[in-house]
Every structure is written in structure tokens, then in C-alpha cells.
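Chains as they are written, first to last, in our numbering: chain F, 40 to 236; chain L, -8 to 799; chain Z, 2 to 232; chain E, 12 to 320.
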């Protein structure tokens, strides 16, 4: 989409920049150093098309990441800006969208499963298998104990209302669909999402 | 949205009411600015606050929160009495001509059939008058005293300018000015659009406010038109998708509904929903309900769902009550009737009304599972955060799991924006640490449960053991597989009536028209059928060309239903099939079929002569002015005061206490005790979003924290003067349910209102900030809000409640 | 203190006077060298002498503070002898004779002539102003606190006063070269009786008087060691 | 490739530089301009956030002082701020005037004129005035020089910072970050000509909506700016958080930077020269034989007086 300098060129630029600028420090500044412009931070970035998942305008965003998904590299998103092709947003973003980078990289992002035991005052790190096993066990015990096959009027209801779930209105349709499928198979009806709040 | 974001630019008048698009949807709001500049449109804001939208509006009128029905009801009366409505449209495309049952009545704020003891209506009388074929009687002249038009006229005749002004607190000249501007769009070639959001929904009468707006649009002939419509801007990025996919207590994907406990028989269940036309020969599309239902059951239970076992009707849970919504569930949780709760990317402690109750409720759980990319207040509800959240961890026995999940930037998939576009996006980087996708987490939990039931057995294991799980990686179904599944595919070759092959076994269906009720098709969400066809993934399409210059961009992503961009667009053409106005044309009849710049929302070959009406999802084929029994508080919207109102009674029915608040609302006893009175809490408060933040996420982002770092409340200059509060002072805002402290923003933008002969001060309370993240620690706004919901949807009344402001 | 053979007979400046003067002189020159680059790009390469532009910007004010302090001592030491007298006016009126070396026509002067006194007062004024204006524009310490207009005024003032001081300096230095023996005087502190008589007649008389008294005292308890001999 | 626009010599003015930069190769280089239509601004701060994100700036998290403004003022880490003003006209009509405040990129930049460090401030042929921190010495003269009070000196590195009009993006054929993000089209970017055409359209639109005094803010005092405003009340810029009525480079700065310095420098040289030639003509000032003789007489006289019993 924009200037594509090869990496070598880019290093040259950098080196030249350093040399000339340190000369400039001595007061004997050659023209180029003095006029040198800023390095363009998107040079060589990988661009991924995405959508902002804050509000329901659904603006198109471009995610710029360092790294080319090579096996020895952990790609890292370092810049986000609007997708000019998107018919609604046409490249613009609101302050939330413009700040998406700090959400992706927020210090508040969780990194591993944790549990807070009853009455405890702290989180304890656990591994995924333990987390999922314990959760499944909880759910099964509760369902086994409280599943309602027939209500007081003798109607078959086959529902489980002693465990509820809130689904995420920022999750994908695919997540939502699978979640719904699973939830109903368990007979859950105390089920909701942000549509109400 | 009935229309879509870009279509707003086709409007001649934009009414921002019950929403603050510049604040909450700045980028979508661009098209309002385009309409102003390119279409010479006017922007009018009717809101309690002179907000960011008002900053660029052509006209602003203040209004008391929660009184929109009065404002619009008065408008309806004004339009009718002055003949300022689209006569032909109303006669042909609305139910104005249908005759209402003689049993139906309305007296001093209550409709017929009210049971004061249970606070419920018997809605049997809320019907049309039917002939022997079960078809509604009609009077095309609209003169019959009981035709919907005359009933409506009579109903709103009470909403005079004087009354509206005294209810809303809006000066008469301003009301008149707004009404006049709206009336100008009654002509065929001018359209007005309503932009609303949670400023309308979050009231005990929210749904009815929106119904009133819909009636106005039908009167003006603005439905199905370019630049018209009733447009819900919606909140979260995929709130539309989750609603479409039915992730609500009583829904199934595609607005199919779960059976109620009373509906024991499958046939009865279908009959109830496969609605026949109430006017001869209308489309009444829901008549195909069974096709969608059976296809869903095949998608979920595969071969286990067969005709002989009613497609496993019994495997669907049935509703014991109308709704197990959040208020209902947290009430039961508070009673100790709920043991487990799973929050997938949801922060109820911050997001639900009456925080104290929420905290107590969560504390009574045995286990809580929080699946989120971020730290949330909910996940740490057991932790003591000092004055902001003062609890004793030792006294809370809830076991809490916190599972890290991917953020949008780290996953593939689609979200549905409020234009109903399904847009596919791609992952750009791996998630931090051990985070997993929500699908992997749900699959992980489910497969373990399935194993446990296989090994240990347990009550009613069949749906769990037989859930159709065809995924290549059972522990992490791919978005592609899931998308193909909700699009639907043929299990056997499908033929039409003339035995023409429609779709081959194993192929993806092209649209919901291909679905069948005989088990030969499977479809996870009929509404999304067509999003992933044999032609591939339609949701990745990126052709943004706009050949007609209408902004429809049919080649961009995929829009439900059937890639249609403007709903009810048949109504953009006259009954004879020619557009009402060239500059508003969407679809038209070319002699053989319906064509246009959008996908026709109509049977493509139904000739104008056949006389089918445009609102094909309705049994009447017409826009419903009269809601029949579909609403809990009445077929015609009526103004009722918020449950916490700054005035003594409902000015419309001063002598009927039953009609003070929404008679159809559901209120739990303990919550009723927690309502405050205006004697004790004199200030009318409303809560809302700021553009710099998104709910409780962005406070975790440094950039947004910098832009709006600390909690504040907005107070009008006159109230501030009264209370001796200066800009920047710290104030305490209390309601019956608790208090918060924040910085005072003293502003000219909130003015005192004269309501029913008294002065009412309104206080604005942004909902953002909490005790986590990068911003200054703060109290949660929902400490203050009341736990009562809309009569139909149970959406909490976040927008109108009472507080007392004090200087600290 | 020790005397070299070559040192003339008559003492004009004490050790402290001389050290003080040269500390001021050196820091003044450094200030000129570090200040000129900011005065005009023409002098920019001078920043190299101070380890680059930024270092120059950082050092300049500190040198300034030091010089101001040193100058204060000197100002006190030379205060009395720098007071302008009536005869100085006459001397200034005859400045042409001064420049043309027609010294015989000049009225006798005391320890300092009017020119030297003027240098004293001009420098005193300049340095006070430079100090004040300098502080007002001193980044990063005080500048931010100063109202923008005042800051602009100060920048202008600092430049202008500096110019004045530099001109004065040039005159001062040249006089040192021009008037033979005076450079020596500020280096070793001593001048010959003849030099004194020629350039500072009145001061010469005072000194002779002092010398006479001195000899009288020394004769009473005769100790050859401290006998003072003139050439 | 658009990257060709990177031209390390494409500088029309450099701070502290007497000789002109290469000017010939300006063919086809358009002057760019950023238009800020205040009448379309909703104060959402998208531009503010986009600016910080693009320039890798993260200012301190401040506090609320009772208004929407935040950060309250420009800082070395905040190169633009939104300034909110509630204005009630004579009829009591309320207007919420929200102005994006940042470097105006003057055609005659006071900062550049005041800067003593060669090349620390440059003006590119496209009109952008850019700070080159590498050469900034932190003297703060640019602050004195700016008629809009824009540059800020960092407490971290004591260098001056301000909006660069995203010179890096512009040189690569992109619009500045703030412009791209703007949701309402309040901020527009393009060639100077196009922006003035657009400004006219927007002004006429405002006039058609009853803002008779709508107009463009492009102060002549600094020979125009490369950031221009469309104002509803162009007759009273002061309404918009004290936007200067008639900004110009302070006469003080002019006096200080203008003629004074070359003249003074010359005078200094002259003074030194004068001295030299005086020495050549008049020669040194020395005492003569007569002084020595006189001294000897005095001594003789004294001696005989003292030796007399």
C-alpha cells in the first residue's frame, strides 16, 4: 500500500542517519543529516484485514504486525489504523478504534488460567486441563443435582436453571453459534448476552 | 437497523433521539454529516443533554428522560389532525384500515383485560375483528370508528402540545419546531430517519418508545425507503449477531423460539409459530417456520433428529417462565437458587443494575467461570478494592475460574454490524501467554462433560451424547466449519414443486428458500443462509463498488437476509410497482420481476397486480400500527412514568396509580423496596457512554485512559449553583441503592426543565471507569441504577432513575 | 612573597586582584565563545570547543554564574578607585590626545584613568543585566515559569547586552596591549616608577610619599634586609 | 513509487542557516494543508489518540478538572489537544465550540526563525515545519518564537517537541494520522489549493445555515498557515479557546533574530580591526626618558633631604 524499501536499504538509511547526526552534533552538519526525515514505521510490516470489535459500526481496521509468521518468529502487532476500503468507515476510526493497539497489548490481558479458591484472597495459576476438568465437574454435579425433567404441572421441560451463562456480544458468530449449540444441549435456559444491557 | 449506516446519507432529516450517535458511533455518524453536506439534510437532536451530537446539529430540543412516547405520541396526533401523513402509503402498506375487535378498549391508562393483582394483562381482546376465514375485516376508507387509524387517532388525541410540553419539560416552541420539521417528510420524495440506541431501549417502556417511532415512520411513509427507517444503532460489535443467533434465554438461532412449558406437542409448537396470513393472499413468511426449525435440529442433532421422534423436540429445553433474563436470574441467584454462572466476555458486576445486589448474588454462587481477554471487576468481585468495592474475601465461598481468551486481533471469524453485515476478519498475531479461543474453551468444557456423561451417566444425557460434532479438530472447531454449518447444507438432493433439482446432497444451500421441513436440509441459522455457499465464503467479499450511487455496496461482505441492505424495500415503490420518488428508488417492478439497486425484500415475481403487501414477515403483510397481543403493555404505546420519577404522578392519568408506571412491567418485591422517591432523591439521573471509552474495556488501554482519565458526573449550571458546586469539585451522588463519588463537570449543556409545574434538574452519569485498569480508580455507576426492566425485553431501566447530588 | 629580579619596583595589583581578574577574564572569554554560536550561526562551529551544541547550551549558564560571582569580588575590590572624579571628565574631554599619545597634554590621573573606570562601570552594568536576562531564559530551570513576552524581551536583552560587553572587552584588551607595561602589571602586579609617573601621575606621587615614610621608619631601627632601593 | 517524494534536500528553510537550501527542485512538489472544520467537530479525540498511537507517544494519565478537555494542554508527549468551549449567544442559543489545537505549520515559522541550532527546525517544500530532535539543543528559543505557543520542551531529554504533520506519512504519500482517523470529516488534508476550495464550500454551507460570519482562519501575520480552520464565527477567533486574532512573530523576536545579529557580529569584528589599525598608526603608549630622569631627580632630592643631619 505504501513505500516498500527493502530491509537492506532501510538499514543503510538508519546507519547514514546515525553517522551524519553524530557529525551534526559537532556543529559540522552536512545537508542530508540536517534535513533527515523521520523513519516510516510501517516499512516492511505485515498487514492483516480486521474489524474493530468495540461498537456495532464494524469499522474495517488494518493490523500492522512485525514478523512474517516465520516459524522462528512470534509476530507482534505494533500499529492499527483504519481500512480505507471499508464502505462505512473509509479509513477513519473513533478514539477507541484508534487506540485498539493498547487494548491488544494491555497490561490487563490475562495470560494463563487461574482459580480463586473459596474464601481465598488470591489467584492461583493452574493449567488448562485442570481448569476445564474442574469446571466440567462443577457443571455436571450441578446439572445432575438440579436438572428439571418435569415441572410441577407435570409438563416435560428438560431444562437446567441452576447454572446460567452470559455470552459475549463481542465474540464472533462462530463462537456464538457453538456456544449456543452447547448451552442448549445441556438444557440451559438462564442464558443471555449484552443485548439487554 | 432496518436500513444501514451508509444509507443515512440519503436522508433529508435525521432525528437523533434516544441515542447519541456522535458519542457512541462516531464513524457511523459520518454519514449523518455526509447527508448534511451532500443532501442538504437537517440534523435534529432531542435529548436530556446538549451532547456531542447536538454540537453539530441544526436544532436541539431538551427533553426529560423517559418521556419520548409523549413527545412522539403528540407528534402522531399532530400529523393526523393536520393531514400531514403519507395517505397512500398508510392506506396500502399499514394496518390502518384493519378493524379492531369491539372487546378491545382503553380506559384511564389501562387497556382492556388488566389483572391488577398479578400486574398482568389478559391480551385476548387485543385483536382485529376477524371474518369466518380468520381474516381481519378492513375499511379502506379509514372511516370506520374501530379501524386502527381511527383508534390511533382517538388514542393520541389526548397528547396535546400543552400536555406533551408539561410531561417532557420541552418548551412548546421547540416541540412545535421539531414536529414541523418531521412533518415535512410526509411527502413521497423526502425521508426522515430515526437514529436511536439504548437511550430508548433502557427504559421500563423502552420497546413501546420504539413502537411509537415505528408508527411515526409508517405514517410518514418512511419505512423501506432510502434514508428512512427506524435504525437501532446497537451497542456491542456483535450484539446484532448474537441476537440473530438467538443467544437469549427464550430464543433459538434466526429468531426461532424455545417452546414454553405449556407447549408439550411438537405440532402445537409449530402451529403456534407458522403464522397464517390475516389478510387474504399475503406472504406471511413465518409460515415456513418448520423448515427453519427442522433444519436447525438436523444441524444440532444430526441423524438422531428424525421425523418419527419429532426431530427431537423434547431435547430442547422448555421455558418455565416468559424469560430467564438477567434480572430474573440474578433475583434467583440472590435467593440462592443458582449455583453456577459462566461469564463469557461479560462483566455483570459493572454492567448490571444495583451493584450491591449483584455482589451479594455472585457471593452465593458455588462456582463462577469468567472467560475474558482482560481482568474484569466480575472476576475479582470477591476481592476487596477499598471504598470502591468493600467486601470480605474470607466470607465469600464462590470458586472463581478465570480463563484467558483471544481478542479480535488474534482470531478469525465474523461479526454482524448494525447494518446486518456479516464481515469476516483474520487473526494477525498469536494471543498472549496461554490464551485460547472461546471456541476451544467451549469445546473443551463440552467434550469433558460429554465424557463424564458417557462414563458416569446422569439425568437426560441424550442431547449431550448426541450433539452433532463433525469437526475435524473436536477440541477446537474452526470458524470455517462453524460458518458453513450455520449457513446450512443439503443432506439429500432437494427438489422444488416441479421436481427441479434445487440443491445437491452435500452442497451448501444458497438461501433459506432451499431449506426443507422434511429433514433433507440442515441449517444452524436460517437467517444466515447464503453467507457460505458453494461459491465460497460470501462474508469475505471486499467489492466496495457502488454502481447506483445509493451506498448499497452489495458486493461488500454479506448482509442478512439474502444479502439485502434495506429491509421492507418493496415499500419504496408504489402499489403499482413504480418508485414513490426517483431519488428514493430502491426496487421496482420491471414487468417480469422486481429489480433495483438492492435485493428485493419481496417474492421476486409477485406482480403488483397480485396486491401482496410489502411487510412480508407480518401476518397482515402490513406495517403494524396496532401491535395486537405482541406487546405486554398494550397494542398502542402509552406514556408511563419511569419507576423512579421526579414527579408525583403520571400527568396523563393523575388519578390512576395503576397507570403511573408501566402496568405490564415485572418488578420483584425486593427491588420494589429499593426504589427511591423524589422527595428523598430529587434529581432525575440518566447514565450513558462517552466516546473516549467503551464500557469497561478501554480503561485498560493507556491511550484511552489518557483521553478521559477520571470519573465525572455532569451537572447543569443552575443546579450546581443551587448546591454550591463549582467545576472540578468532588461530589457524592446517592440513590436508594448506594452512592458514588466523582468529579463535577458543571455545564451549560444541561438545563432545568419545567415538568408538570415543577422544576426538574437532570444529572448525567457516564457509565465508564472502575477499580481496575489504567484510569483513576472509581466507583461503578451501576451502584446507583434500579433493578427493573422493560415490560417485554426486561432491559434494565438504566436511563431514568433518581439520585441526590451533594458537594463533598 | 617572592620577587623575581626582572620584576619592577612598584606594586600595582595584589596576588588576589590578579587571580580574580584572570578568573573573570578566562570565564568571560569562554562565555563569549560559548555564547556566540547562539548569537549567530556564523559562530556555530565554536560549539565544537565545548563538546557539541547541547553541551555548549548546558555549560554556558554555569560559566556565567561563576563569572558573575568572581566579578562581584573584583567589583568590591576595585570599587573605591573606580569612582568617577571631576578630573576624569577633563581627561575624557581630551580623549583625542589620549588616542594620539599626546600624553604630555593630559591632566595627571590617579591609580585608574577615566577609561579604566568606564570599563569597570560598563562591565558591572552588563554583567548584572546578563545575569538577570540569562536566568529568565535558562532552560530547563526557570524559562518555563517565565511569561512568554518577558522571555522574548530577555532573549533580546541578553543578546544586546552581550554585544555591548564584548565591544567593551575588546577595547579593554586592546588598551592592555597598547599601553606598554600594563599587561605586565596585571600579570606580575608590578610597574616601574617611571611607568607610574607617566600614566598615573597622581598615584605616582602618593606612592613616593608612602615610600618616603616607609624609609623613615626603617631607618630608625636599621635592618638592611628590608631596605628598599630604587634603580 | 510514491516514496520518491522522500528527498533529503527538499528543504526550503532551515533554522540558523544563512545560505539558502536547494530550491530549484520544487517542481511538482505541492504545498500541503490540513483543514480543520470546527463546525463539524464532535470532539471525539480520535485524532488525539491516533496522533499519540502513530507517534508512539504515551502521556501521563491525568485527572478530570471538571471539563471534557484531557490532556489539558499540549505537552512533549501530547502534540494536539481538543479544547472545548460552551458559548451562549445573545439569544441564549448554545453552541459547543470544540477546537483541535496543534502546530499551525506557519509559512513563516517563528520557531524556525528563533532556533539557533542549524537544521534543528526545517521547513519542507510541501510546507511542513518539522523539528529534528537529533539537532535540537533544548534552548527553548522556539518556544519564544512561536506565535501560537505550541512547542514544548521535554523534561526527559530537554528537547523541543510538536506536531510534525506526520511528515513521515506525508512523504510516503499518506495523510497525517489525525486526518485519517477523523470520523466526521472535520479534519481534511490535501494540496493547499484543494483545501482552500473545500474551505470555501464549507464556509458557504455554514452561511447557508445562518452563520453569516463563517470564514477561514489563515492568519496573514505569519504569511498563512498550513493548518487552516473553518470557523462559524471567523470574526471572533477568540471564542475558540483564545485562538489569536492576529498572530505574528513577536517584534521582539524579529528585532532579536533579524537585523541585530549580523550587524552586531560585524561591529565586533570592526572593533578588533580598529584597535589593530590604531596601533599601526598611533603606535604604543610608553613612558619616555624624561619620566625616568624625573624619577631619578625625585629620588636624589629625597636622599639628600634624608641624609642631612
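Where a beta carbon is used, it is the ideal one built from N, C-alpha and C, also for glycine. Remember, predicted model here, so these are calculated numbers, not experimental data.
Taking 3 residues as the minimum length, the beta strand (DSSP E) runs contained wholly in the region 430 to 499 of chain L are 492 to 494, in order along the chain.
For residue 138 of chain F, the closest Cβ of chain L is nearer than 8 Å. Residue 181 of chain Z sits in coil when the DSSP states are folded into three classes, being neither helix nor strand. Between residue 724 of chain L and residue 733 of chain L, the gap from beta carbon to beta carbon is short of 8 Å. Boundaries around residue 260 of chain L are those of the alpha helix (DSSP H), 257 to 264, since no beta strand (DSSP E) includes it. Out of Z:120, Z:28 and Z:139, the CA that lies nearest to the CA of residue 170 of chain Z is found in Z:120. With contacts defined by Cβ atoms closer than 8 Å, residue 357 of chain L and residue 331 of chain L form a contacting pair. Taking 8 Å as the threshold, the shortest C-beta distance from residue 81 of chain F to chain L does not fall below it. Excluding residues up to 5 positions away in sequence, 152 lie with their Cβ nearer than 6 Å to the Cβ of residue 170 of chain F in the same chain. Counting the other Cβ atoms within 10 Å of the Cβ of residue 372 of chain L gives 16 or more, which makes it buried. Here residue 188 of chain Z is exposed: its Cβ has fewer than 16 other Cβ atoms, across all protein chains shown, within 10 Å. Contact of residue 163 of chain F with chain L is not assigned, every C-beta pair being separated by 8 Å or more.
A straight line joining the alpha-carbon of residue 170 of chain E with that of residue 214 of chain E spans about 39 Å. Residues of chain F with a Cβ closer than 8 Å to the Cβ of residue 762 of chain L do not exist, since the nearest Cβ in that chain sits about 12 Å away. Going by DSSP, residue 289 of chain E is part of no beta strand (DSSP E) but of the alpha helix (DSSP H) stretching over 271 to 293.
Not a single C-beta of chain F is nearer than 8 Å to the C-beta of residue 169 of chain E.
Straight-line measurement puts the Cα of residue 394 of chain L at about 23 Å from the Cα of residue 385 of chain L.
Interface criterion met: the Cβ of residue 156 of chain F is under 8 Å from a Cβ in chain L. Between the alpha carbons of residue 163 of chain Z and residue 120 of chain E lies a gap of roughly 26 Å. Shown here for residue 228 of chain L: same chain residues with a beta carbon closer than 6 Å to its own, the five before and five after excluded, namely 406 in chain order. Of all C-beta pairs linking the region 75 to 84 of chain E to the region 697 to 706 of chain L, three or more are shorter than 8 Å, placing the two stretches in contact. Fully enclosed alpha helix (DSSP H) runs of no fewer than 4 residues occupy 134 to 137 and 139 to 143 of the region 127 to 163 of chain F, in order along the chain.
Among the bridge pairs identified by DSSP, residue 677 of chain L is matched with L:755. With 16 or more neighbouring CB atoms inside 10 Å of its own CB, residue 228 of chain E falls in the buried class.
For residue 764 of chain L, the closest alpha carbon among the candidates L:678, L:91, L:687 and L:751 is that of L:687.
Contact with chain E is found for residue 43 of chain L, since one of that chain's Cβ atoms lies less than 8 Å from the residue's Cβ. Proximity to residue 381 of chain L across L:607, L:368, L:334 and L:390 peaks at L:368, based on C-alpha coordinates. Boundaries of the beta strand (DSSP E) harbouring residue 230 of chain F: 230 to 232, taken from the DSSP string. At a cut-off of 8 Å, the C-beta of residue 113 of chain Z has no neighbouring C-beta in chain E.
Annotated three-state conformation of residue 703 of chain L is strand, per DSSP. Here the alpha carbon of residue 232 of chain L sits roughly 58 Å from the alpha carbon of residue 144 of chain Z. A straight-line Cα-Cα distance of about 14 Å links residue 124 of chain L and residue 610 of chain L.
The criterion of a C-beta distance shorter than 8 Å is satisfied by residue 60 of chain E and residue 695 of chain L. Non-local beta-carbon contacts of residue 174 of chain E in its own chain, meaning distances under 7 Å to residues more than five positions away in sequence, involve 90, 91, 113 and 114 in chain order.
Taking 8 Å as the threshold, the shortest C-beta distance from residue 47 of chain E to chain Z does not fall below it.
By the 16-neighbour rule on beta-carbons within 10 angstroms, residue 224 of chain E is exposed.
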